[in-house]
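Visitor: Just so we're aligned, residue 1 is where the sequence shown starts under our numbering, counting upward by one. The C-beta atom is built at its ideal place from N, Cα and C for all residues, glycine as well.
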Amino acid sequence: MQYKHWCFTLLVLLSGVLYAAGAFAIPASMTLGYDTNLAAAGIQNSHPHNLSSASSSTIHAPAGGEDQVCKFCHTPHGGSAEGPLWNRINPLGPNGDGSFPLYNGGIGGALNLYTIAEAEYNATVAADPTRYPNGATRLCLSCHDGVTAVGEVISGGTLASLTMSAYGTIDLSTSHPVSFIYNAAVEAALPAGFNRPVAGDVVKLDALERVQCTTCHDPHNDTNDGGTYTLPMWRLYTGVEASDYNDTCLTCHSSVPSVGGGGSLHILRQ
Ligand code: HEC
Ligand code: HEC
Ligand code: HEC
Ligand code: HEC
1 MQYKHWCFTL LVLLSGVLYA AGAFAIPASM TLGYDTNLAA AGIQNSHPHN
51 LSSASSSTIH APAGGEDQVC KFCHTPHGGS AEGPLWNRIN PLGPNGDGSF
101 PLYNGGIGGA LNLYTIAEAE YNATVAADPT RYPNGATRLC LSCHDGVTAV
151 GEVISGGTLA SLTMSAYGTI DLSTSHPVSF IYNAAVEAAL PAGFNRPVAG
201 DVVKLDALER VQCTTCHDPH NDTNDGGTYT LPMWRLYTGV EASDYNDTCL
251 TCHSSVPSVG GGGSLHILRQ
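Below, the structure is given as structure tokens:
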């Protein structure tokens, strides 16, 4: 009851903010009780981002502990301006000082992005190491850096004693490059073989035309069923894994790039 009431309040507040910003209606999948693949079987609350005590996901608060789902990431009051009603501190990063490594190339040699000033890829780091990553990626890394306490929030203190698993720890030095501007000038400066998302594409850049974790993933939608569909929290979800994967890459690459170690987007460099 308390959780439902709180969630409702948050939905109303967030919709108010979004309505004011001219955004869209909130889809049902954003409730985190909904699981794209398991809903049909009547199984709820296995969403990996449901960290509440009512969750059956791998990492969650113990029985009798925090039962509010959204609170681990959002708060109606007293949050941070880094994201929408954001309830998390900035990530400490692998070095513990807020800095993160860039993807250091490896498959096709050094990334062209390093040399394209408009992309502000390495430039951001030199200017202010605490501002890379930026945008939604920064929000993700407040748990996925494997260092920042997962159960600790700004408004509410320590909700639960939770640590990120090795599986969930994302090393930016080996992952697909993120937090760079990908505008028309950057596309023009890249060699042939790159495109940009066009209006209406599900795979998208953020409001500042940057590639982020949210270009490929949707943190509210649990798409991985552990069986025939394993793309996790996949933004471009139609239910057919192979085409959802290929079409995501083809939004920007003219052919599907082959990836490094283990065929993983998060172990590109090997
Ligand atoms: C694990 C973290 C996490 C949890 C838990 C979470 N959200 Fe979010 N939410 C995010 C992130 C990250 C964004 C920003 C996404 C972006 O910038 O693209 C966001 C954005 C939103 C937005 C703005 C629209 C959008 O997609 O950008 C709404 C509305 C929202 N969340 C509602 C909720 C509600 C309601 C709950 C609880 C049922 C919830 N969220 C739980 C991470 C979370
Ligand atoms: C409040 C902490 C928190 C935040 C913030 C957060 N995550 Fe997660 N995420 C987790 C946890 C915990 C897991 C489960 C890891 C495990 O099972 O070992 C997870 C799992 C995932 C998975 C794997 C899901 C699967 O089905 O295997 C993806 C993909 C993911 N997160 C993407 C994101 C993205 C993208 C963002 C930002 C937009 C984000 N997360 C923000 C805590 C968080
Ligand atoms: C270009 C698309 C793309 C981007 C950008 C991206 N991911 Fe992923 N992510 C994937 C794919 C594909 C998988 C499925 C497993 C794989 O191939 O690595 C995945 C898997 C994951 C997993 C599950 C663990 C694993 O290694 O399989 C987590 C957690 C995750 N991503 C988080 C993130 C976070 C956090 C960011 C931003 C720093 C991000 N992803 C950016 C495509 C992407
Ligand atoms: C929103 C656009 C976008 C999407 C979507 C996207 N990429 Fe990329 N990708 C880029 C850009 C831009 C670069 C940087 C190219 C450079 O600097 O040379 C890049 C770099 C890469 C690299 C690094 C190559 C190297 O030289 O080390 C690989 C591999 C890659 N992408 C694979 C993928 C795969 C696989 C997918 C689909 C799951 C994907 N990308 C989705 C835009 C995108």
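1. How far does the alpha helix (DSSP H) with S243 in it extend, from its first residue to its last?
2. Sorted by chain position, which residues of the same chain lie with C-beta nearer than 8 Å to G79's C-beta, five sequence neighbours on each side aside?
3. Return the residue from the list A184, I170, N195, L231 that minimises the CA-CA distance to H266.
4. When you compare each of L268, E241, F72 to L139 by their alpha carbons, which one comes out closest?
5. What residue from L172, Y237, Y229 has the CA that sits closest to V203's CA?
6. With which residues is V150 paired in a DSSP beta bridge?
7. Tell me the residue span of the alpha helix (DSSP H) that contains E187.
8. Express the C-alpha separation of S53 and P62 in angstroms, rounding to a whole number.
9. Straight-line CA distance for S264 to V256?
10. Rank Y167, A185, N224 by C-alpha distance to the C-alpha of T115 and give the top, closest one.
11. As a quick exercise: from P191, R235, E118, S179, pick the residue whose alpha carbon is nearest that of Q212.
12. Mark G96 as exposed unless 16 or more other C-beta atoms lie within 10 angstroms of its C-beta, in which case mark it buried.
13. Just how far apart, CA to CA, sit G260 and H77?
14. On the DSSP letters alone, give me the boundaries of the alpha helix (DSSP H) that S155 sits inside.
15. Residues in the same chain with beta-carbon distance under 7 Å from L231, minus the five sequence neighbours each way, listed in chain order, please.
16. Under a Cβ-count criterion, where at least 16 other Cβ atoms within 10 Å of its own Cβ denotes burial, should Y290 be classed as buried or exposed?
17. Quick check: the Cα distance between G135 and H60, rounded to an integer number of angstroms?
18. How should T137 be labelled, buried or exposed, when 16 other C-beta atoms within 10 angstroms of its C-beta is the threshold for buried?
19. Are the Cβ atoms of G151 and L159 separated by less than 8 Å?
20. In three-state DSSP terms, what is S255?
Guide: Quick answer:
1. 241-250
2. Leaving aside the five residues that flank G79 on each side, the residues in its chain whose CB is nearer than 8 Å to its CB run, in chain order, L85, W86, N87, I154, S155.
3. Nearest C-alpha to H266: I170.
4. F72
5. Per the Cα distances, Y237.
6. In the DSSP assignment, no residue is bridged to V150.
7. That run of the alpha helix (DSSP H) goes 184-189.
8. 5 Å
9. In a straight line, the C-alpha of S264 is about 13 Å away from that of V256.
10. A185
11. Looking from the CA of Q212, the closest CA among P191, R235, E118, S179 belongs to S179.
12. exposed
13. 43 Å
14. Segment: none, S155 is in no alpha helix (DSSP H) and carries neither H nor E.
15. T223, N224, E241, D244, Y245
16. What is shown of the chain runs 1 to 270, which leaves residue 290 out entirely.
17. 25 Å
18. buried
19. Their beta carbons are under 8 Å apart, which means G151 touches L159 by this criterion.
20. In this structure, S255 counts as coil in the three-state DSSP scheme.
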